[in-house]
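**Q** Quick one: this structure, given as C-alpha cells, is what I'll be asking you about.
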Amino acid sequence: MTEQHSTEPATYDVAATERKWQPVWEKLDPFHADDASPREKRYALTMFPYPSGDLHMGHAEVTALHDVVARYWWQKGYEVLNPMGWDSFGLPAENAAIRNDAHPADYTYGNIATQLESFQKYGVSFDWSRRFNTSDPEYYKWTQWLFLKFHEKGLAYRKNSWVNWCPNDQTVLANEQVVDGACERCGAEVTKRELTQWYFRTTAYAQELLDCLDDLQPTWPAKVVNAQRNWIGRSEGAHVDFNVAGRSQPLTVYTTRPDTLFGATFMVVAADAALASELVTDEQRGALDDYLVEVRKETEINRLSTDRPKTGVFLGVHATNPLTGTEIPVYAADYVLADYGTGAIMAVPGQDQRDWEFAQAFDLPIIRTVEPPADWEGDAFTGDGPAINSANDEIDLSGMGVAEAKSTTIAFLEDKGLGRGTVNFRLRDWLLSRQRYWGAPIPIIHCPVDGEVAVPEDQLPVELPELRGADLKPKGTSPLGAATEWVNVSCPKCGGPATRDTDTMDTFVDSSWYFFRYVSPHDETQAFDTDLANTWGPIDLYVGGDEHAVLHLLYARFFTKALRDMGMVDWDEPFSSYLSQGKVINNGRKMSKSLGNGVSLGEQLEAFGVDAVRLTLVFAGPPEDNIDWADMSPAGSLKFLQRAWRLSGDVASAVGADPATGDVVLRKLTHKTLHDAESLIEIHRFNVMVARTMELVNATRKAIDSGPGGADPAVREAVEAVAILLSLVAPYTAEEMWERLGHEPTVARAGWPAVDEALLVADAVTAVVQVQGKVRARLEVSPDISEADLEALALADPAVVRSIDGKEIRKVIVRAPKVVNVVV
Numbered sequence: 001m002t003e004q005h006s007t008e009p010a011t012y013d014v015a016a017t018e019r020k021w022q023p024v025w026e027k028l029d030p031f032h033a034d035d036a037s038p039r040e041k042r043y044a045l046t047m048f049p050y051p052s053g054d055l056h057m058g059h060a061e062v063t064a065l066h067d068v069v070a071r072y073w074w075q076k077g078y079e080v081l082n083p084m085g086w087d088s089f090g091l092p093a094e095n096a097a098i099r100n101d102a103h104p105a106d107y108t109y110g111n112i113a114t115q116l117e118s119f120q121k122y123g124v125s126f127d128w129s130r131r132f133n134t135s136d137p138e139y140y141k142w143t144q145w146l147f148l149k150f151h152e153k154g155l156a157y158r159k160n161s162w163v164n165w166c167p168n169d170q171t172v173l174a175n176e177q178v179v180d181g182a183c184e185r186c187g188a189e190v191t192k193r194e195l196t197q198w199y200f201r202t203t204a205y206a207q208e209l210l211d212c213l214d215d216l217q218p219t220w221p222a223k224v225v226n227a228q229r230n231w232i233g234r235s236e237g238a239h240v241d242f243n244v245a246g247r248s249q250p251l252t253v254y255t256t257r258p259d260t261l262f263g264a265t266f267m268v269v270a271a272d273a274a275l276a277s278e279l280v281t282d283e284q285r286g287a288l289d290d291y292l293v294e295v296r297k298e299t300e301i302n303r304l305s306t307d308r309p310k311t312g313v314f315l316g317v318h319a320t321n322p323l324t325g326t327e328i329p330v331y332a333a334d335y336v337l338a339d340y341g342t343g344a345i346m347a348v349p350g351q352d353q354r355d356w357e358f359a360q361a362f363d364l365p366i367i368r369t370v371e372p373p374a375d376w377e378g379d380a381f382t383g384d385g386p387a388i389n390s391a392n393d394e395i396d397l398s399g400m401g402v403a404e405a406k407s408t409t410i411a412f413l414e415d416k417g418l419g420r421g422t423v424n425f426r427l428r429d430w431l432l433s434r435q436r437y438w439g440a441p442i443p444i445i446h447c448p449v450d451g452e453v454a455v456p457e458d459q460l461p462v463e464l465p466e467l468r469g470a471d472l473k474p475k476g477t478s479p480l481g482a483a484t485e486w487v488n489v490s491c492p493k494c495g496g497p498a499t500r501d502t503d504t505m506d507t508f509v510d511s512s513w514y515f516f517r518y519v520s521p522h523d524e525t526q527a528f529d530t531d532l533a534n535t536w537g538p539i540d541l542y543v544g545g546d547e548h549a550v551l552h553l554l555y556a557r558f559f560t561k562a563l564r565d566m567g568m569v570d571w572d573e574p575f576s577s578y579l580s581q582g583k584v585i586n587n588g589r590k591m592s593k594s595l596g597n598g599v600s601l602g603e604q605l606e607a608f609g610v611d612a613v614r615l616t617l618v619f620a621g622p623p624e625d626n627i628d629w630a631d632m633s634p635a636g637s638l639k640f641l642q643r644a645w646r647l648s649g650d651v652a653s654a655v656g657a658d659p660a661t662g663d664v665v666l667r668k669l670t671h672k673t674l675h676d677a678e679s680l681i682e683i684h685r686f687n688v689m690v691a692r693t694m695e696l697v698n699a700t701r702k703a704i705d706s707g708p709g710g711a712d713p714a715v716r717e718a719v720e721a722v723a724i725l726l727s728l729v730a731p732y733t734a735e736e737m738w739e740r741l742g743h744e745p746t747v748a749r750a751g752w753p754a755v756d757e758a759l760l761v762a763d764a765v766t767a768v769v770q771v772q773g774k775v776r777a778r779l780e781v782s783p784d785i786s787e788a789d790l791e792a793l794a795l796a797d798p799a800v801v802r803s804i805d806g807k808e809i810r811k812v813i814v815r816a817p818k819v820v821n822v823v824v
C-alpha cells in the first residue's frame with residue numbers, strides 16, 4: 001500500500017531529529033518537578049556518576065532502564081522528582097586527574113560539562129534545575145555541617161587502630177571497600193597499618209539496620225538484602241571470662257557456642273591485637289614480634305581462608321577453663337581478627353574446623369562436645385546433636401541439643417558470674433578518613449590545649465586550598481599537610497595556635513545524603529528542607545548496580561536513621577524499592593581497554609542514534625541480567641523504530657476521531673497492550689513491554705495494509721498508543737510520531753491512554769479436547785463457560801465421539817474454559 005504522505009521520506013534522519021527536538025525540550029522543560037503541585041508525588045532516583053570521563057555503556061543502560069519508570073509515572077499523572085548531579089569528590093575522579101596530569105578541579109569540572117551534554121543528548125527525563133556536584137563548596141559545606149552534628153551526637157569519633165591500607169592509592173579503606181582482600185577501587189592488595197582515624201558509629205544502628213531489611217525484602221533484590229544481612233552479621237552467644245595466672249583482669253572471649261565450653265582446650269588471641277602484646281611473657285616476646293612481621297603481610301581475606309596452614313606462637317601463659325578448671329595454653333595466631341569480639345577466642349577443635357587444624361598442627365587435645373552422626377567421617381562437627389563430655393559437679397548438658405545446651409550454659413555462667421549472654425555483630429564502625437586531597441576537609445581543629453575543636457558553623461565550608469602546582473600524587477600522608485597557611489590556624493576556643501585536620505572524608509559520605517539535598521538544592525540556609533524531604537520522600541524507586549549492595553546502600557541507610565533521630569526527616573529507610581541492573585559486557589567478558597573489548601557509547605550513538613541504543617538496552621532482557629553487546633543488534637532496533645515512525649505518516653483520520661467506529665480486533669490489541677504494559681512496568685519487565693509494543697506495531701501495519709488503511713480511527717488510536725509507549729524508551733522517535741499525528745509537543749506529558757475494560761474481555765477462547773492424552777478437537781467457546789457445559793460440548797463433538805468409539809468413559813477432567821481430558 002502506498003504511504004499517505006508520499007512527499008515525506010521513507011525513513012527519518014536520526015541525527016536531524018535529535019538536533020530538532022533537543023532545543024524544544026530545553027525550552028518546554030517538561031520534567032521540572034513542582035514542589036507545590038497538588039498531584040501525587042513520586043521520587044525516582046538513579047545513582048549519580050563519577051565524572052572520571054564521558055558517559056559509558058553502563059551509564060547508558062542504567063539511565064535507560066530508570067527512565068522507563070520515571071516517564072511512565074509522568075504519563076500516569078504523577079508529579080515526579082527525577083534529579084541528577086555528580087559524585088565529583090573522591091578517588092575515581094582524583095586518580096583519573098592524576099593520570100592525565102591535571103588538577104582534580106579542572107579535570108572533574110571539565111568532565112561534568114561533557115557528561116551533562118551527553119546526558120541531555122541521551123534524552124533522559126532529569127530535572128536539570130536541581131543538579132549539583134558534591135565538590136561544590138555550596139554542597140560540601142553541608143557535608144561538613146552534618147559531620148559536626150554527628151560529632152555532637154557521638155556518632156563521629158577519632159581513635160587509633162589497625163586499619164586497611166591501600167598501598168597504591170596510599171589511603172585507608174573502610175572494611176566495606178575491601179573486596180576479596182583488594183582495594184575495590186584499584187584492585188591493589190590491601191595491607192594493615194596502625195593510624196589514628198575518624199569513624200562513624202554505624203554499629204549504633206546495627207540491630208535496626210538488620211531489622212528493617214525485613215520490610216525491604218519484598219521490594220529489594222534478594223541478593224542485595226542477603227548481602228546486607230551477612231555483612232551486618234548478627235550472632236547470639238556469650239562473653240566468657242577466663243582467669244589468667246598473674247593477671248588481675250580475666251581474659252574475656254566472645255563465643256557463639258558457649259555450649260561447647262567443656263571442649264575448649266586452648267585459647268587464641270589475634271596476633272596483631274594489643275591484647276597479645278599485653279599477655280606475652282618476656283621469654284616469648286621475640287617470637288611474637290617475629291610472627292607479627294609475617295602476619296602484617298597478610299590480608300584479612302587470606303587470614304580467614306579455611307584452606308591455608310595454621311600458624312601461631314605460644315604466648316607463654318595459661319588460662320583456666322571456667323567449667324573444667326583445666327589450665328589451657330594461650331596462643332597468638334593469624335586466623336583470629338583483632339576487631340572481632342574481644343580479639344580472643346576459646347578454641348574448641350572438636351566443633352570448629354580451623355581450631356581442629358590448629359590443634360593438630362600444635363599437638364593440642366581435641367575433645368568433642370557434640371556427638372556426630374554414626375556415619376560421620378569428617379574432622380570437626382559443626383552440626384546439631386546431643387551434647388557429650390559436657391558435665392561437672394554443678395552442670396550437666398549430656399544429651400541436650402545445641403539450642404538447649406546454649407541457653408543452659410549461658411544461664412549457668414550468668415548465675416556464677418563467669419560470663420553473660422551477648423549479641424555480637426560483624427559490622428564495624430565506618431572508617432571515613434582519607435589521606436587524599438580531593439575530598440571534603442574534616443571540619444575539626446586540633447588544639448594542644450582544648451583537643452578536638454569543631455570549626456564554628458559560621459566558618460563553614462572549610463574550603464580546599466587549590467594547591468595548584470603541588471604534587472598531589474598519593475604519598476601516605478594527606479597533601480593538605482603541605483598547605484601550611486591553610487593548616488595553621490587559631491583555636492576557636494582559646495585563641496592559641498592550632499592545626500586543621502588534614503584528612504578528607506570518604507566520598508561515600510557525600511553520596512550518603514545527596515538524595516536529601518535534591519529536594520532543596522539551592523537552599524543556602526540548611527542542608528535540606530525537612531518539610532520538602534518528607535513531602536517527596538522516601539525515594540519510590542532507586543536504580544543502581546550490585547557493586548553497591550553493601551557499600552553505598554548501607555551507608556545511606558545509616559545516614560537516614562541518624563538524621564531521623566536528629567529530627568531532620570521522618571523516614572526510616574531511604575529507598576522504598578530498589579532495582580539492581582546488570583552489567584554491559586562484550587563477548588562474554590567485562591569491557592576493558594586492556595582486553596581490547598571496550599565499546600564506545602559515543603560511537604554507538606553516532607552510528608545508530610540515541611533511540612536505537614536505548615531500545616536495545618531495554619529490550620535485551622530483564623534489567624538484572626547482564627547484557628552482552630556482542631549479541632545485541634542496535635541496527636535491528638533502528639529498523640523497528642523506522643517502521644513505527646512510518647505508521648504515523650499513514651494515519652489519515654482526524655485528531656480526535658472516535659475509534660469506536662473502527663477495527664474492533666485492532667482496538668482490542670491496542671487496549672490489551674496498554675493494560676499489560678502497566679503491570680509489566682510495575683514489575684520491571686520492560687523488555688516484555690517493548691515486545692508487546694512491537695506486536696502492536698506489526699498488527700497496526702497489517703491493519704493498514706489489508707483493511708481500510710490509515711483512515712480507520714482505530715489505526716490512529718493504535719499509533720498514538722505506540723507513540724506513548726515508545727516515549728518511555730525512544731523519546732525522539734515518539735516525539736516525531738506525535739507531531740506527525742497532529743499533536744503539540746511533548747508526547748512525554750500526553751497522559752496514559754484510558755483502557756476500555758470491555759475491550760479486554762475475550763469473545764471466545766479455544767478449548768482443547770484430549771482423549772487418552774491426544775488432541776482430538778478444538779472448540780471455540782465463551783470464556784465464562786461452565787465446566788458442565790464445556791464437558792457436554794466436548795463429548796458431543798463428532799471427532800471426540802469417533803475417538804471414544806463406544807468405549808467406557810472412566811473419567812472426564814475439565815479445566816474450563818481451556819482444557820477437557822477424556823480418559824476411556
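Read in UniProt numbering, the sequence shown has 242 at position 242, and its numbers run on one by one without any break. For glycine and all other residues, C-beta sits at the position ideal for the given N, C-alpha and C.
Between which two residues does the alpha helix (DSSP H) carrying Gln353 extend?
**A** Your numbering for residue 353 matches position 353 in the sequence shown. 353-361 is the extent of the alpha helix (DSSP H) around Gln353.
**Q** Between Val814 and chain C, is there a C-beta pair that is closer than 7 Å?
**A** Absent from the structure is chain C; it holds one protein chain and no more.
**Q** Return yes when the Cβ of Ser490 is within less than 7 Å of the Cβ of Phe559, no when it is not.
**A** Residue 559 sits at position 559 when you count from the first residue of the sequence shown. Residue 490 sits at position 490 when you count from the first residue of the sequence shown. No.
**Q** Count the other CB atoms within 10 Å of the CB of Trp25; is the residue buried (16 or more) or exposed (fewer)?
**A** Here the question's residue 25 lines up with position 25 in the sequence shown. Counting Cβ neighbours within 10 Å, Trp25 comes out buried, since at least 16 surround it.
**Q** Taking contact to mean at least 3 C-beta pairs separated by less than 8 Å, is the segment 327-335 in contact with the segment 219-228?
**A** Touching, no.
**Q** Here's the rule I'm using: 16 or more other beta-carbon atoms within 10 Å means buried, otherwise exposed. How should Lys475 be labelled?
**A** As a first step, residue 475 must be located in the sequence shown, where it is residue number 475. Under this definition Lys475 is an exposed residue.
**Q** Rounded C-beta distance between Thr369 and Ile388? I'm assuming under 8 Å.
**A** Counting from one through the sequence shown, the residue named residue 369 turns up at place 369. Counting from one through the sequence shown, the residue named residue 388 turns up at place 388. Contact holds; Cβ gap of about 6 Å.
**Q** Relative to the alpha-carbon of Gly419, which residue among Asp54, Arg778, His239, Leu480 has its alpha-carbon at the smallest distance?
**A** Indexing the sequence shown from 1 puts residue 419 at position 419. It is His239 whose Cα lies nearest to the Cα of Gly419.
**Q** Leaving out five residues before and five after Gly350 in sequence, what residues of the same chain have Cβ atoms less than 8 Å from its Cβ?
**A** Looking up residue 350 in the sequence shown gives position 350. Result list for Gly350: Thr260, Gly263, Trp356, Ile366, Ile367, Arg368, Thr369, Val370, Ala380, Phe381, in chain order.
**Q** Touching or not, the segment 286-299 and the segment 451-463, by the rule of three or more beta carbon pairs under 8 Å?
**A** No, they do not touch.
**Q** Look at the Cβ atom of Gln197, then the Cβ atom of Val163, and state whether they are nearer than 7 Å.
**A** Your numbering for residue 197 matches position 197 in the sequence shown. Your numbering for residue 163 matches position 163 in the sequence shown. In this structure, Val163 lies closer than 7 Å to Gln197 by Cβ.
**Q** Tell me, to the nearest whole angstrom, how far the beta carbon of Val618 is from that of Val729; I am working on the premise that it is less than 8 Å.
**A** Taking the first residue of the sequence shown as 1, we reach residue 618 at position 618. Taking the first residue of the sequence shown as 1, we reach residue 729 at position 729. With 8 Å as the limit, Val618 and Val729 qualify as a contact, their Cβ atoms being about 5 Å apart.
**Q** Measuring CB to CB, does Tyr43 end up less than 7 Å from Trp376?
**A** Along the sequence shown, read from residue 1 onward, the residue named residue 43 stands at position 43. Along the sequence shown, read from residue 1 onward, the residue named residue 376 stands at position 376. No, Cβ-Cβ distance for Tyr43 and Trp376 is not below 7 Å.
**Q** For Cys447, which beta-bridge partners are listed by DSSP?
**A** Along the sequence shown, one-based indexing puts residue 447 at 447. For Cys447, which the question treats as bridged, DSSP gives the partners Gly451.
**Q** What does DSSP give as the partner residue(s) for Val189 in the beta ladder?
**A** Here residue 189 refers to the residue found at position 189 of the sequence shown. In the sequence under discussion, the amino acid at residue 189 is Glu, which differs from the Val named in the question. Answer by DSSP bridge pairing, in chain order: Ala182.
**Q** Is it true that the segment 52-61 meets the segment 107-115, where meeting means three or more beta-carbon pairs spaced less than 8 Å apart?
**A** With a cut-off of 8 Å, the segment 107-115 and the segment 52-61 count as touching, because enough Cβ pairs lie within range.
**Q** Between Leu759, Gln604, Gly85, which has its C-alpha nearest Val14's C-alpha?
**A** Your numbering for residue 14 matches position 14 in the sequence shown. Val14 has its Cα closest to that of Gln604, out of Leu759, Gln604, Gly85.
**Q** To which residues of the same chain is Trp145 closer than 7 Å at the C-beta, ignoring the five residues directly before and after it?
**A** Your numbering for residue 145 matches position 145 in the sequence shown. Closer than 7 Å at Cβ, skipping near neighbours: Glu457, Leu460, Ala527.
**Q** Please tell me whether Val293 and Phe686 are closer than 7 Å, where the distance is taken between their beta carbons.
**A** For the purposes of this step, residue 293 is identified with residue 293 of the sequence shown, where counting begins at 1. For the purposes of this step, residue 686 is identified with residue 686 of the sequence shown, where counting begins at 1. No, they are not a contact pair.
**Q** Below 8 Å, can you find three or more Cβ-Cβ pairs linking the segment 557-576 to the segment 207-223?
**A** Flag = yes, the segment 557-576 and the segment 207-223 touch.
**Q** Could you please give the first and the last residue of the uninterrupted alpha helix (DSSP H) stretch that includes Gly602?
**A** As a first step, residue 602 must be located in the sequence shown, where it is residue number 602. First-last of the alpha helix (DSSP H) with Gly602: 601-608.
**Q** CA-CA distance, Phe412 and Gly378?
**A** Within the sequence shown, the letter at position 412 stands for residue 412. Within the sequence shown, the letter at position 378 stands for residue 378. Going by the C-alpha atoms only, they are around 31 Å apart.
**Q** What's the C-alpha gap between Pro465 and Asp471?
**A** Along the sequence shown, one-based indexing puts residue 465 at 465. Along the sequence shown, one-based indexing puts residue 471 at 471. Rounded to the nearest angstrom, the two C-alpha atoms are 13 Å apart.
**Q** Please name the residue or residues paired with Asn164 in a DSSP beta bridge.
**A** Taking the first residue of the sequence shown as 1, we reach residue 164 at position 164. Leu173, Lys192, per the DSSP bridge assignment.
**Q** What does the alpha-carbon distance come out to for the pair Tyr139 and Glu94?
**A** Within the sequence shown, the letter at position 139 stands for residue 139. Within the sequence shown, the letter at position 94 stands for residue 94. Rounded to the nearest angstrom, the two C-alpha atoms are 18 Å apart.
**Q** Considering only C-alpha positions, which residue in the set Thr203, Gln120, Arg193 is nearest to Gly154?
**A** Position 154 of the sequence shown, counting from 1, holds the residue named residue 154. Comparing Cα-Cα distances from Gly154 to each of Thr203, Gln120, Arg193, the minimum goes to Thr203.
**Q** Report buried or exposed for Asp169, applying the criterion of at least 16 other Cβ atoms within 10 angstroms of its Cβ.
**A** Working through the sequence shown from its first residue, we reach residue 169 at position 169. Asp169 comes out buried.
**Q** Mapping DSSP to helix, strand and coil, what is Leu467?
**A** The residue you call residue 467 lines up with position 467 of the sequence shown. Three-state DSSP puts Leu467 in coil, outside helix and strand.
**Q** Write down the C-beta distance between Ile442 and Asp501 rounded to the nearest angstrom, noting that I regard them as a contact closer than 8 Å.
**A** The residue you call residue 442 lines up with position 442 of the sequence shown. The residue you call residue 501 lines up with position 501 of the sequence shown. Their Cβ separation, rounded to whole angstroms, is 4 Å, which keeps Ile442 and Asp501 in contact under 8 Å.
**Q** Should the segment 119-132 be called in touch with the segment 78-92, which here means at least 3 C-beta pairs below 8 Å?
**A** Yes: the two stretches touch, three or more of their Cβ pairs being nearer than 8 Å.
**Q** Note down the Cα distance separating Met1 from Asp611, rounded to an integer number of angstroms.
**A** In the sequence shown, the residue the question calls residue 1 occupies position 1. In the sequence shown, the residue the question calls residue 611 occupies position 611. Note on Met1: pLDDT 34, under 50, position unreliable in the model; the coordinate value appears next. For Met1 and Asp611, the distance between alpha carbons rounds to 27 Å.
**Q** Are the Cβ atoms of Gly707 and Asp663 separated by less than 7 Å?
**A** Taking the sequence shown and counting its residues from 1, the one referred to as residue 707 is at position 707. Taking the sequence shown and counting its residues from 1, the one referred to as residue 663 is at position 663. In contact: Gly707 and Asp663 (Cβ atoms closer than 7 Å).
**Q** List in chain order: all unbroken alpha helix (DSSP H) runs of 4+ residues lying wholly within the segment 752-798.
**A** Here the runs fully enclosed are 787-796.
**Q** Jot down the residue ranges of each uninterrupted beta strand (DSSP E) in the segment 189-267, minimum 3 residues, whole runs only, in chain order.
**A** Runs found: 191-200, 234-244, 251-255.
**Q** Mind checking whether Leu790 and Thr733 have CB atoms under 7 Å apart?
**A** As a position in the sequence shown, residue 790 is number 790, starting the count at 1. As a position in the sequence shown, residue 733 is number 733, starting the count at 1. Going by C-beta atoms, Leu790 is not nearer than 7 Å to Thr733.
**Q** Which full runs of the alpha helix (DSSP H) of 4+ residues lie inside the segment 391-423, going along the chain?
**A** You should have 402-416.
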